[in-house]
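Read the structure below first, then the notes.
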Amino acid sequence: MLKLLHIEIRGKSFRSLEAVHGRVHEAPTPHHHDAEHRQNGQEDQLRLLHHRGSPRRAVLRRVSAAQVDADLRRGRDTGQLRQGRPEDPHLECLHILNTRKWENETHRVHFESGIRMGIGTFNLMISLLPGRVIKLLEFIGFSGDKNYGLSQLQAGYEDRRGLRQVLCAMTLLSYNLIIMFFLSNSDGDLEWCENALDEQLNLYPDGVWFLFLKARLEFSRGNLDECIDWYTKSWKSQRLWPQFHNLCFWELMWAHCVKQDWLPALGYAERLRAESNWSRTIYLYQLAAISIMAERHGSYKPELYAIDRYMSEVPQHKQRIAGKSLPMEKFVIKKSERYFAQKRTLVMPVFELMYVWNLFRIVGKHQDLLMSVFKTIEDEEAQLRAKPRDEFTADNEALVLLLKGACLRQMKLYLQSQDCLRRVLQLDKSIKEDTYLLPFAAVELAMLARDQGNTQVAISLLEDAKSV
């Protein structure tokens, strides 16, 4: 494989794989140098380094190097492996930025903007991976510092002259409004997001991503009617990318689910099932789950056996990526199987999905919606008590108690919430399938302790949740 590092094409010798793919990356040996190459050498080097500065390119280069040199690395120890790893392209770019004599200030500003975006995004991306994955990446030479990454993106955003300023803004907005929402129980910097979005929407009033992120901002604040308006503006602002419409439909579906407007939610769920191929397994289950909730609330009467048909089709579209199933698809497939095992019934399937997608915190911003959800949960609890016990009774009781405890925490009724969540953990020996409820209950107890100011207790509970 090492022969690839030095090949000859049409009489010219090349010392890198990049040379094969583009004339910009040409690296002739000294005896082939000519006057034109000497004049343009610095520009070629600059374009090459800037090209390599992309985080995606950096990852691809390292993965390729790992694959090519796999046999050689098998016999090496850790120290030898680290010595052989390729130099960080971003550090190369920083060195060029700081040492080069720039004759054109515009070129320098754009180059610096690209470096800040690349370094910032790369560090932020690596820092968000699970701890075990980060340790593995550090072993092969990768590292990520979240605070440093955010500071670089912020610096790139504040330099309004830079070519990558808009991309820095989009990355920071996505981190604060999407990643923080799903990976934590606290909001991002919503005030900064509002100021940044106002500025960008003044410049790009029809910018599809900024309209979408404005909707996310309103959703994070619990302004459901406003977020629905912004999502609608976003998907109607362009027709070139139909799959982006499906992203908006997904958000609109959940916004209406939070409002418990089942008919509009059902309409968007149907559009996703019909028009999107991202995960037909999840879309079919969501359509069936919303149909169940709408039917129970008397706002919808499905076609005969429609829900059965959706549920039976759920496992048929299961996907595998890199040979592995998607965790969420495995989850909904089990739930579809449970639907038939429980004689065509499920316990509050939409509320369960809302909890899994971390949407109860939005419900908690509206007292009327929270009370409506709580009443539905209590009604379901009463029905469970009236039914004869079966093999899934403990699973269903644990789900009801978890959702009830989450609602009570949002109501700030901490003692009642704690009682419900502890009862979930007491059912650990009886739960047959829904074992995920146990760590979720432990995390809810930790958030309960945090809400009451008991930080050390919360940390201890979170550590316990890892082994539940």
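When the letters of the sequence shown are read in order and numbered with my numbering, they come out as residues 2 to 469.
We treat Cβ as the ideally placed atom computed from N, Cα and C, and that holds for glycine.
Values in this document were obtained by computation on a predicted structure and should not be read as measured data.
Q | Alpha-carbon to alpha-carbon, residue 306 and residue 239 | A | Here residue 239 refers to the residue found at position 238 of the sequence shown. Here residue 306 refers to the residue found at position 305 of the sequence shown. Taking C-alpha positions only, residue 239 is separated from residue 306 by approximately 37 angstroms.
Q: Taking the CB atoms as reference points, tell me whether residue 449 and residue 415 lie closer together than 7 angstroms.
A: As a first step, residue 449 must be located in the sequence shown, where it is residue number 448. As a first step, residue 415 must be located in the sequence shown, where it is residue number 414. Taking the C-beta atoms as reference points, residue 415 is found nearer than 7 angstroms to residue 449.
Q) For residue 321, which beta-bridge partners are listed by DSSP? A) Locating residue 321 in the sequence shown gives position 320, counting from the first residue. Per DSSP, 326.
Q. Roughly how far, in whole angstroms, is the beta-carbon of residue 308 from the beta-carbon of residue 291, given that I think they are within contact range, below 8 angstroms?
A. The count along the sequence shown starts at 1 and reaches residue 308 at position 307. The count along the sequence shown starts at 1 and reaches residue 291 at position 290. For residue 308 against residue 291, the beta-carbon gap comes to about 10 angstroms, at or over 8 angstroms, which does not count as contact.
(Q) Beta-carbon within less than 6 angstroms of residue 146's beta-carbon, same chain only, minus the 5 sequence neighbours each way: which residues are those? (A) Locating residue 146 in the sequence shown gives position 145, counting from the first residue. Taken in chain order, the residues that qualify are 124.
Q: For residue 84, count neighbouring C-beta atoms within 10 Å of its own C-beta (all shown protein chains included) and say buried if the count is 16 or more, exposed if not.
A: For this step, residue 84 is matched to residue 83 along the sequence shown. Low local confidence applies: a pLDDT of 35 at residue 84 is under 50, so the model's placement there is unreliable, with the coordinate-based value given in what follows. So residue 84 ends up on the exposed side.
Q) Between residue 1 and the rest of its own chain, which residues show a CB-CB distance below 7 angstroms, the 5 nearest in sequence each way excluded? A) Past the edges of the chain, shown from 2 to 469, lies residue 1, and the structure says nothing about it.
**Q.** Assigned exposure category for residue 253 - 16 Cβ within 10 Å defines buried
**A.** Sequence index remark: in the sequence shown, residue 253 carries index 252 (1-based). The residue in question, residue 253, is buried, as its Cβ has 16 or more Cβ neighbours within 10 Å.
Q: Express the C-alpha separation of residue 320 and residue 113 in angstroms, rounding to a whole number.
A: For the purposes of this step, residue 113 is identified with residue 112 of the sequence shown, where counting begins at 1. For the purposes of this step, residue 320 is identified with residue 319 of the sequence shown, where counting begins at 1. The alpha-carbon atoms of residue 113 and residue 320 are separated by roughly 41 angstroms.
Q. Is residue 393 helix, strand or coil by DSSP?
A. What you label residue 393 is simply residue 392 of the sequence shown in a count that begins at 1. DSSP places residue 393 in coil when its eight states are reduced to three.
Q | Neighbourhood of residue 210 by C-beta distance below 7 angstroms, restricted to the same chain and skipping five residues each side | A | In the sequence shown, residue 210 corresponds to position 209, counting from 1. Cβ within range, chain order: 171.
Q: With a threshold of 16 other CB atoms inside 10 Å of the CB of residue 192, please say whether the residue is buried or exposed.
A: Walking along the sequence shown from the start, residue 192 turns up at place 191. Residue 192 comes out exposed.
Q.
Does residue 167 pass the burial test, meaning 16 or more other C-beta atoms within 10 Å, or should it be called exposed?
A. Reading the sequence shown from its first residue, position 166 is the one you call residue 167. The residue in question, residue 167, is buried, as its Cβ has 16 or more Cβ neighbours within 10 Å.
**Q.** Residue closest to residue 408, alpha-carbon to alpha-carbon, out of 424, 356 and 438
**A.** Reading the sequence shown from its first residue, position 407 is the one you call residue 408. Residue 356 is the option with its Cα nearest to residue 408.
(Q) I'd like to know if the region 178-194 and the region 132-145 are in contact, where contact means that at least 3 CB-CB pairs between them fall below 8 angstroms. (A) At 8 angstroms Cβ cutoff, the stretches do not touch.
Q: Assign residue 1 to one of three DSSP states: helix, strand, or coil.
A: Beyond the ends of the chain as shown, which are 2 and 469, falls residue 1; an answer cannot be given.
Q: Tell me whether the beta-carbon of residue 158 lies closer than 7 angstroms to the beta-carbon of residue 169.
A: Numbered from 1 along the sequence shown, position 157 holds the residue referred to as residue 158. Numbered from 1 along the sequence shown, position 168 holds the residue referred to as residue 169. It is a contact, given that the beta carbons lie within the stated cut-off.
Q | Nearest candidate by alpha-carbon position, reference residue 345, set 325, 289 and 462 | A | Indexing the sequence shown from 1 puts residue 345 at position 344. That would be 289, whose Cα lies nearest to the Cα of residue 345.
Q.
If distances are taken between C-alpha atoms only, which option among 194, 196 and 95 comes closest to residue 153?
A. Along the sequence shown, read from residue 1 onward, the residue named residue 153 stands at position 152. For the options 194, 196 and 95, the alpha carbon positioned closest to that of residue 153 is the one of 95.
Q.
With three or more beta-carbon pairs closer than 8 angstroms as the criterion, would you say the region 263-270 touches the region 359-375?
A. Per the Cβ contact rule, the region 263-270 is not in contact with the region 359-375 (fewer than 3 Cβ pairs under 8 angstroms).
Q | Assumed close pair residue 165, residue 110 - CB separation to whole angstroms, cut-off 8 angstroms | A | Taking the sequence shown and counting its residues from 1, the one referred to as residue 165 is at position 164. Taking the sequence shown and counting its residues from 1, the one referred to as residue 110 is at position 109. A Cβ-Cβ separation of about 10 angstroms leaves residue 165 out of contact with residue 110 under the 8 angstroms criterion.
Q) Given that a residue counts as buried once 16 or more other Cβ atoms are within 10 Å of its Cβ, and exposed if not, what is residue 387? A) Along the sequence shown, read from residue 1 onward, the residue named residue 387 stands at position 386. With fewer than 16 other Cβ atoms within 10 Å, it is exposed.
Q.
Mapping the DSSP letters down to three states, classify residue 217 as helix, strand or coil.
A. To locate residue 217, count along the sequence shown from 1; it is residue 216. Three-state DSSP puts residue 217 in a helix.
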